[in-house]
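Peer 1: Each protein sequence line maps, in turn, to chains A and B. Residue numbers 1 to 187, in my numbering, belong to the letters of the first sequence in order. Residue numbers 188 to 374, in my numbering, belong to the letters of the second sequence in order. Don't be surprised by glycine CBs; every beta carbon is placed ideally from N, CA and C. None of these values were measured; they are calculated from a predicted model. For reference, the structure I am asking about is given below.
There are 2 protein chains.
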Amino acid sequence: MSIRHAVLAALLEGEASGYDLAKRFDVSVANFWHASPQQLYAELPRLEAAGLISGQTVRQQGRPDKRVYRLSGQGSDELAAFVSSPSRPTAIRDDLMVKVQAAEVADSAPLIAALEERAGHAERRSALYQQLLDAMLAGRSERDYLRVADRVGPYLTCVRGRTFEQENLSWYRWTAETLQARRDSVS
Amino acid sequence: MSIRHAVLAALLEGEASGYDLAKRFDVSVANFWHASPQQLYAELPRLEAAGLISGQTVRQQGRPDKRVYRLSGQGSDELAAFVSSPSRPTAIRDDLMVKVQAAEVADSAPLIAALEERAGHAERRSALYQQLLDAMLAGRSERDYLRVADRVGPYLTCVRGRTFEQENLSWYRWTAETLQARRDSVS
DNA sequence: GCGAGCATGTAAGTCGTTACATGATTCT
DNA sequence: AGAATCATGTAACGACTTACATGCTCGC
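Written out as structure tokens, the structure is:
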């Protein structure tokens, strides 16, 4: 699929410029898809040419002009067709796990440091997702929210993101400790 | 990085042909990296040309000849340098999550079916990883194993894979139930 | 006879990353 | 004065997917 449908899904949150979308892909959309600003700036004109989104240039004072895009009817149809299409399984794909797999071939100190850094990242991410979830709930219970809210997609995916980062955090820590214990016992 | 270092790490398990590696990437390595056979067949000659692996053609009876590769000294060095190099965070990247995010724009029946199918996949995967873990332990406790085993990398990454698939399973089921409940309440 | 497994590749096309490039305004 | 934010793009390269291509053996 690629970025195309991820952009359409992100625009369900409301119209946005390329710059806005880049931020959205760094926060809420980051649960399930990543995209660089360059990718977005390249993709948006293509989506517009295909009629899936419509853009409007907005003049600003004291700031550069920007082009704001929103989902078109055709874009909604395309997204609906995508939602109903089959998917294939995904797996984790992570540099750091390759490094852990091969841990024995090198001094483990830098790897342990990298794991600790990642643990910090995962902790910040899971806290961020928790904040987003609380904001969506706005005081309601999850049970009620899932019954009555207009859109539950963003909530559901954000829960997956939070759990993923929590599991990352605990795995990073455990792995770092395990490797450290082995270092200690060697010396 | 790409597939390059994943292949070197996979060869730590012992020498293998392209065909063998493709299977290895489908089972144990699948915890953290995916590669198609085509990618491997293209990459192996490149790694050999770079001196990171060495290949030997093996004649077989009643079967096609094959080329078996193993890690060279240079390959080990390269892998060690990689293990000590910095990494950047990864996130989940999943079609199906994009679809859940956009669930409201389409009829949810096909999406629910897709989630249930995925749940089955996740369940099989997590059972497979559990088997691999049990095989590595070979009756020992995890605590002992992690202290005394020659290589702990494969165990550590496999644990992450198992947890990931377990969390997938429970999220797929919960998401399917939530969407189903909303279908029921609309009608 | 047919499908599954063994065994390896090429070619085309799509997708994604990184580096380069610009320029105003606001905050410290 | 320098960094961060707003705002958008191009070009080159590297990575990955999909389709095409071949052919033998073993078990059912």
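1) Sort B:C345, B:I279 and B:L320 by Cα distance to N355 of chain B and report the nearest one.
2) From the beta carbon of I279 of chain B, is the nearest beta carbon of chain A less than 8 Å away?
3) For L96 of chain A versus L179 of chain A, is the C-beta spacing smaller than 8 Å?
4) Helix, strand or coil for R143 of chain A? Go by DSSP, reduced to three states.
5) Out of A:F25, A:R70 and A:A181, point me to the one whose CA is closest to G14 of chain A's CA.
6) Which ranges would you report for the alpha helix (DSSP H) in the stretch 298 to 359 of chain B if only whole runs of at least 4 residues count?
7) Whole angstroms are fine: how far does the CA of G62 of chain A sit from the CA of T90 of chain A?
8) Using 8 Å as the threshold, is the stretch 156 to 163 of chain A in touch with the stretch 18 to 32 of chain A, meaning 3 or more CB pairs across them?
9) Please confirm whether R191 of chain B and A203 of chain B have their CB atoms less than 8 Å apart.
10) Restricting to Cα atoms, I'd like to know which of B:K253, B:V339, B:R338 and B:L234 is closest to T244 of chain B.
11) Give the range of the beta strand (DSSP E) segment to which L258 of chain B is assigned.
12) Determine the direct distance from the alpha carbon of Y359 of chain B to that of E352 of chain B, and round the result to whole angstroms.
13) Kindly indicate if chain A contains any beta-carbon less than 8 Å away from that of K210 of chain B.
14) Can you list, in chain order, the residues of its chain whose CB lies under 7 Å from that of A222 of chain B, leaving out five sequence neighbours each side?
15) Taking 8 Å as the CB-CB cut-off, is Q288 of chain B touching chain A?
16) Is G201 of chain B helix, strand or coil when you go by DSSP?
17) From the DSSP output, in three-state form, read off Q225 of chain B for me.
18) Sorted by chain position, which residues of the same chain lie with C-beta nearer than 7 Å to E78 of chain A's C-beta, five sequence neighbours on each side aside?
19) Can you list, in chain order, the residues of the stretch 140 to 170 of chain A whose Cβ is nearer than 8 Å to any Cβ on chain B?
20) Please classify S383 of chain B: does DSSP put it in a helix, a strand, or coil?
21) Within this structure, are the beta carbons of I80 of chain A and A293 of chain B separated by less than 8 Å?
22) Mapping the DSSP letters down to three states, classify I3 of chain A as helix, strand or coil.
23) Sorted by chain position, which residues of the same chain lie with C-beta nearer than 7 Å to A122 of chain A's C-beta, five sequence neighbours on each side aside?
24) With respect to the alpha helix (DSSP H) encompassing H288 of chain B, which residues constitute its N-terminal and C-terminal limits?
25) Which bits of chain A does L283 of chain B rub up against, with CB to CB less than 7 Å?
Peer 2: Taking the definition as stated:
1) To locate residue 355 of chain B, count along the second sequence from 1; it is residue 168. Looking from the CA of N355 of chain B, the closest CA among B:C345, B:I279 and B:L320 belongs to B:I279.
2) Locating residue 279 of chain B in the second sequence gives position 92, where the first residue counts as 1. Closer than 8 Å to some Cβ of chain A, the Cβ of I279 of chain B qualifies, so yes.
3) Counting from 1 along the first sequence, the entry for residue 96 of chain A is found at position 96. Counting from 1 along the first sequence, the entry for residue 179 of chain A is found at position 179. It is not a contact, given that the beta carbons lie outside the stated cut-off.
4) On the first sequence, position 143 is the one that residue 143 of chain A refers to. In this structure, R143 of chain A counts as helix in the three-state DSSP scheme.
5) For the purposes of this step, residue 14 of chain A is taken as residue 14 along the first sequence, with counting starting at 1. Closest by C-alpha distance to G14 of chain A, out of A:F25, A:R70 and A:A181, is A:R70.
6) Whole alpha helix (DSSP H) segments, 4+ residues: 329 to 335.
7) Indexing the first sequence from 1 puts residue 90 of chain A at position 90. Indexing the first sequence from 1 puts residue 62 of chain A at position 62. In this structure, the straight-line span from the alpha carbon of T90 of chain A to that of G62 of chain A is close to 45 Å.
8) The stretch 156 to 163 of chain A is in contact with the stretch 18 to 32 of chain A.
9) As a working note, residue 191 of chain B is residue 4 in the second sequence. As a working note, residue 203 of chain B is residue 16 in the second sequence. No, the Cβ-Cβ distance between R191 of chain B and A203 of chain B is not below 8 Å.
10) Here residue 244 of chain B refers to the residue found at position 57 when the second sequence is read from its first residue. Taking the Cα of T244 of chain B as reference, the smallest distance to any Cα among B:K253, B:V339, B:R338 and B:L234 is reached at B:K253.
11) Locating residue 258 of chain B in the second sequence gives position 71, where the first residue counts as 1. Run containing L258 of chain B: K253 to L258, per the beta strand (DSSP E) assignment.
12) Your numbering for residue 352 of chain B matches position 165 in the second sequence. Your numbering for residue 359 of chain B matches position 172 in the second sequence. If I take the Cα positions, the gap works out to 10 Å.
13) Within the second sequence, the letter at position 23 stands for residue 210 of chain B. Under the 8 Å criterion on CB atoms, K210 of chain B is classed as non-interfacial with respect to chain A.
14) Residue mapping note: residue 222 of chain B aligns to position 35 of the second sequence, counting from 1. For A222 of chain B, where only same-chain residues beyond five positions count, the Cβ hits under 7 Å are I190, A193 and F212.
15) Position 101 of the second sequence holds residue 288 of chain B. So, interface residue.
16) The residue labelled residue 201 of chain B in the question sits at position 14 within the second sequence. Three-state DSSP puts G201 of chain B in coil, outside helix and strand.
17) The residue given as residue 225 of chain B occupies position 38 in the second sequence. Here DSSP, grouped into helix, strand and coil, assigns Q225 of chain B to helix.
18) On the first sequence, residue 78 of chain A is found 78 positions in, with the first residue counted as 1. Here the set comprises L8 and L52.
19) Listed by position along the chain: L146, R147, D150, R151, V152, G153, P154, L156, T157, V159, R160, G161, T163, F164 and E167.
20) There is simply no residue 383 of chain B to check, as chain B begins at 188 and stops at 374 in what is shown.
21) Residue numbering aside, residue 80 of chain A sits at position 80 when the first sequence is read from its first letter. Residue numbering aside, residue 293 of chain B sits at position 106 when the second sequence is read from its first letter. Just to set this straight, residue 80 of chain A is Ala in the shown sequence, not Ile. A293 of chain B is positioned such that its CB atom lies closer than 8 Å to that of A80 of chain A.
22) By 1-based counting over the first sequence, the position of residue 3 of chain A is 3. DSSP, reduced to helix, strand and coil, places I3 of chain A within a helical segment of the structure shown.
23) For this step, residue 122 of chain A is matched to residue 122 along the first sequence. Hits under 7 Å: E165, N168, L169 and Y172.
24) Counted from its first residue, the second sequence places residue 288 of chain B at position 101. Here residue 288 of chain B is Gln; the residue named in the question, His, does not match the sequence. Per DSSP, the continuous alpha helix (DSSP H) segment holding Q288 of chain B begins and ends at D282 to Q288.
25) Numbered from its first residue, the second sequence carries residue 283 of chain B at position 96. Within chain A, the residues near L283 of chain B are S87.
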